[in-house]
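Asks:
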Amino acid sequence: MADPCWYDVFPARLVLECLRLRRAAPSFRLRKVGTYLYWIGDLTERPAGVPPVPATVMIGYPQAFPAVPPDVFLVSPEIDPNEYGHTWHRWANGKICLVRPSHWNLATTADEVVAKVADWYFNYSAKKAGLIREMPDIGRASLPPMDSQE
Amino acid sequence: MSAGTVIIPKDLISRIVEHQFAQGWFSGLRMTSEEVYIALGLKVNEQTISSDGSSRLAWHRAGHICFGRFDEQLIEWRTVESGFFKRVASIENMPRSDFESATSVSLTPEPRPLLLRQDVPGDATAPIAIQVQLDNDAARIERLEVKLLDRTPAPYQRAPSTLIEAMGEKAVVVVGVGSGGAEVALNLAGVGLGRLTVVDPDTLSAENYFRYISGRSDLGRKKVDVVRSEIQERELLAELVTFDFDVVSSADKFRGLLLQAPDLVICATDSIASRRTVNMNAVLMNIPCIIAGTLNEGRIGEVLTVSPGRTPCYECVRLELGATLGRAESEERSPTPYMGSEHDALASSALRSDIAVVASFATRAALSVLLPDRFAAMPASYMVWGREADSSYGPPFQFDLPMMMNYFSAALRPDCPVCGVLPPELNGLNCAVEAKKVLAEIAKFAG
Chain A
53 MADPCWYDVF PARLVLECLR LRRAAPSFRL RKVGTYLYWI GDLTERPAGV PPVPATVMIG
113 YPQAFPAVPP DVFLVSPEID PNEYGHTWHR WANGKICLVR PSHWNLATTA DEVVAKVADW
173 YFNYSAKKAG LIREMPDIGR ASLPPMDSQE
Chain B
139 MSAGTVIIPK DLISRIVEHQ FAQGWFSGLR MTSEEVYIAL GLKVNEQTIS SDGSSRLAWH
199 RAGHICFGRF DEQLIEWRTV ESGFFKRVAS IENMPRSDFE SATSVSLTPE PRPLLLRQDV
259 PGDATAPIAI QVQLDNDAAR IERLEVKLLD RTPAPYQRAP STLIEAMGEK AVVVVGVGSG
319 GAEVALNLAG VGLGRLTVVD PDTLSAENYF RYISGRSDLG RKKVDVVRSE IQERELLAEL
379 VTFDFDVVSS ADKFRGLLLQ APDLVICATD SIASRRTVNM NAVLMNIPCI IAGTLNEGRI
439 GEVLTVSPGR TPCYECVRLE LGATLGRAES EERSPTPYMG SEHDALASSA LRSDIAVVAS
499 FATRAALSVL LPDRFAAMPA SYMVWGREAD SSYGPPFQFD LPMMMNYFSA ALRPDCPVCG
559 VLPPELNGLN CAVEAKKVLA EIAKFAG
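The listed protein sequences correspond, in order, to chains A and B.
Numbered according to this note's numbering, the first sequence spans residues 53 to 202.
Numbered according to this note's numbering, the second sequence spans residues 139 to 585.
Given below as structure tokens:
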């Protein structure tokens, strides 16, 4: 008998993840490789004046989920591999750091994660464009109003 | 106090009695640094007889190259007249001539070991062993301790048989066999646990020695294998299964273990992520769980017993401790030792004695889960121990006295993301069925 995946023992959580993310970000698609589930979708919000390059993000569910945070990676655009550490809120392996692991709230669902990644991408774009010096630890950097795209 | 120790498998004595051998030699090992003699066989005339029980002694330290020396003529033995036997057993000196004529041993100024048994047909009474030397024309006699060894181990002779029998039916998984987890594993094996599964990816380092169950002879070995060796060393009878995977990155394998329905899971790991992983999966799979460890450099110990659905889980307690923020007397005082931690790991410089205390409480909590008819439940599911009197934190981490135990009755939390009430949007849904639909839908796109 195969070892149970997290969604085998916690089906309610899988259903909740789907309900909430599909409501908040309907363009995201749920996919599976082997036993690994992940969402893939696009984020489009960028600071005003910054070229509107959409980001494709992957939000994956490790086997210990939800006891540990999901894996969040930027699939595109390509990021300089040297851009990691606290400055960029990114781990050396490219995973985006949205929360200190010991502060992870198990009740956080994928829709909230997408919102945090959207903030991260916004902040990252702003820093790369020289609009801010530091990416904030929490939330979105304060900038002049911008036009957001759906 | 004896001058040394002689260890003899009982079957060798039986052979002597059976064949009525009058004299001969034991062959075996001698610890050159200490007066310990280990008999492994008999030499009678030209005949060599090995002990059936020698396998029990195969791993004695005396067998290590650096410490032992195999000797064909380890200890001489004699069968002597009963009156002489009793006389030698009670004195320290006797005339040389008396000794030599009774034993036919020629004394020398160098001390030599000698084993004596009584010349009584069929008598298998424990022999006596002495160290004897010639001293001013007298035999100077010092007693050696004799340990007779059964062929098969009987490790629980000093434990209640009903306890051992009951524990023999139980299966426990211990996740994390660092200092604390290894102690708990040994504690449970020592009361007759039937099946023990240990999980840990780490190996033993030199810096572990000071508080670990083993030391330098196991440097570099996987800790799960060290636990196996220590259980074998003590001839304990637990069926032991070992895994060296990481319970977080291989949470699916951990769930595979839980499918075997152990009676209890004990988490003695040193990271928050691993504790949360063990807790979550044990609760979801309805396996009782104990989470134990130390905080604050060993000054505080905690043991949480989780009965899924009946008592609060680890997440409930974390929520409860966070909820006490509003009740702290001083905003400057951190309410719990968890707050302000910059590290995911609960790395500790706890003392060996700190670990032993918490391991002892965890063991006792485990016994109340495994054998509730024999061991009463603890007063509360969350126990917190303080090595020192300390008012740095809020309850339950305040201790008026050193070595104090606080029993904290946390509540099952309806907002717990693991064992709490399902969010309203799931009301009316059959989540098992809905989840299957989700998985079937995405199977079309499987990579």
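Cβ atoms here follow ideal geometry from the backbone N, Cα and C, with glycine treated the same way.
Tell me the DSSP bridge mates of Q370/B?
Replies: Beta-bridge pairing links Q370/B to no other residue.
Asks: Sorted by chain position, which residues of the same chain lie with C-beta nearer than 8 angstroms to L68/A's C-beta, five sequence neighbours on each side aside?
Replies: Taken in chain order, the residues that qualify are T161.
Asks: Tell me which same chain residues have a C-beta within less than 7 angstroms of the C-beta of S468/B, skipping the five on either side of it?
Replies: For S468/B, the predicted structure reports a pLDDT of 39, less than 50, and the residue's modelled location is therefore unreliable. A value from the coordinates is still provided. There are no such residues.
Asks: Below 8 angstroms, can you find three or more Cβ-Cβ pairs linking the stretch 494-506 of chain B to the stretch 520-535 of chain B?
Replies: These segments touch.
Asks: Which of helix, strand or coil does DSSP assign to C569/B?
Replies: Three-state DSSP puts C569/B in a helix.
Asks: How would you label Y59/A, buried or exposed, when you count the other beta carbons within 10 angstroms and need 16 or more for buried?
Replies: Result: buried.
Asks: The alpha helix (DSSP H) that contains G319/B, what's its start and end?
Replies: Run containing G319/B: 317-327, per the alpha helix (DSSP H) assignment.
Asks: With H, G and I counted as helix, E and B as strand and the rest as coil, what does DSSP make of S343/B?
Replies: Coil at S343/B, not helix or strand.
Asks: Only counting the same chain, and skipping five residues up and downstream in sequence, which positions put a Cβ closer than 6 angstroms to that of P446/B?
Replies: Contacts found: V421, N424.
Asks: Does any CB atom of chain B fall closer than 9 angstroms to the CB of N157/A?
Replies: Closer than 9 angstroms: yes.
Asks: Smallest Cα separation from A277/B: which of L324/B, V313/B, S244/B, P552/B?
Replies: Of the listed residues, the one whose Cα sits closest to A277/B is S244/B.
Asks: Please check the pair V105/A and V169/A, which I expect to be a contact at CB under 8 angstroms, by giving their CB distance rounded to whole angstroms.
Replies: Not a contact, Cβ separation roughly 15 angstroms.
Asks: Helix, strand or coil for S355/B? Go by DSSP, reduced to three states.
Replies: Three-state DSSP puts S355/B in a helix.
Asks: Can a CB atom of chain C be found closer than 9 angstroms to the CB of D55/A?
Replies: The structure shown contains no chain C; its protein chains are A and B.
Asks: Between P298/B and V270/B, how many whole angstroms is the CB-CB distance? I'm expecting something under 8 angstroms.
Replies: About 42 angstroms; that fails the 8 angstroms criterion.
Asks: Within 9 angstroms (strictly less), CB to CB, does Y59/A reach chain B?
Replies: Yes, Y59/A lies at the interface with chain B (some Cβ there is under 9 angstroms from its Cβ).
Asks: So, does the CB of L564/B fall closer than 9 angstroms to a CB anywhere in chain A?
Replies: Taking Cβ atoms only, chain A reaches closer than 9 angstroms to L564/B, which makes this a yes.
Asks: Give me the Cα-Cα distance between V559/B and C57/A, rounded to the nearest whole angstrom.
Replies: If you take the alpha carbons of V559/B and C57/A, they lie about 22 angstroms apart.
Asks: Name the residue from I493/B, T143/B, G328/B whose alpha carbon lies nearest to the alpha carbon of T432/B.
Replies: Closest by alpha carbon: I493/B.
Asks: Any heavy atom of the ligand MG closer than 8 angstroms to the CB of P293/B?
Replies: By its list of ligands, the structure shown contains no ligand whatsoever, and the ligand MG lies outside what it can speak to.
Asks: In three-state terms, what does DSSP make of N544/B?
Replies: It is a strand residue.
Asks: Please confirm if T462/B has its CB atom under 9 angstroms from at least one CB of chain A.
Replies: Unreliable positioning characterises T462/B in this predicted model, as indicated by a pLDDT of 45, which lies under 50. The coordinate reading is nonetheless provided below. Chain A contact via Cβ: absent.
Asks: Just checking my contact of E280/B with I266/B at CB under 8 angstroms: how many whole Å lie between their CB atoms?
Replies: Actually they do not touch by this definition, with Cβ atoms about 11 angstroms apart.
Asks: Whose C-beta lies closer than 8 angstroms to the C-beta of G191/A among residues of the same chain, with five residues either side of it excluded?
Replies: Answer for G191/A: D171, listed in chain order.
Asks: Kindly indicate which residue of L395/B, P147/B, Y175/B, R413/B has the alpha-carbon position closest to the one of L158/A.
Replies: Minimum Cα distance to L158/A is reached at R413/B.
Asks: What does DSSP give as the partner residue(s) for N419/B in the beta ladder?
Replies: Its beta-bridge partners do not exist; DSSP assigns none.
Asks: DSSP three-state label for Y350/B, please.
Replies: Coil.
Asks: For F125/A, which residues in chain B fall below 8 angstroms Cβ to Cβ?
Replies: Per Cβ cutoff of 8 angstroms: no residues; F125/A is ~15 angstroms from chain B at best.
Asks: Can you name, in chain order, every residue of its own chain whose Cβ lies under 8 angstroms from the Cβ of A527/B, other than the five neighbours on each side?
Replies: Excluding residues within five positions, the ones whose Cβ falls inside 8 angstroms are F537, D538, L539, P540, M542.
Asks: Compare the C-alpha of A100/A against each of S177/A, P118/A, V109/A and name the closest.
Replies: Considering only alpha carbons, the answer is S177/A.
Asks: Contact defined as beta carbons within less than 8 angstroms: I believe I154/B pairs with R255/B. What is the distance between those atoms, to the nearest angstrom?
Replies: That belief holds up - the Cβ atoms of I154/B and R255/B are roughly 7 angstroms apart, short of 8 angstroms.
Asks: What does Y175/B pair with, by DSSP beta-bridge criteria?
Replies: Answer is V144/B, R168/B.
Asks: Assuming R448/B contacts V61/A (C-beta within less than 8 angstroms), just tell me the rounded distance between them.
Replies: Wrong, their Cβ atoms sit about 19 angstroms apart, outside the cutoff.
Asks: Could you give the DSSP three-state label for C70/A: helix, strand or coil?
Replies: DSSP places C70/A in helix when its eight states are reduced to three.
Asks: How should I369/B be labelled, buried or exposed, when 16 other C-beta atoms within 10 angstroms of its C-beta is the threshold for buried?
Replies: It is buried - the Cβ of I369/B has at least 16 other Cβ atoms within 10 Å.
Asks: What is the residue span of the beta strand (DSSP E) that G93/A lies within?
Replies: Where G93/A is concerned, the enclosing beta strand (DSSP E) stretches over 88-95.
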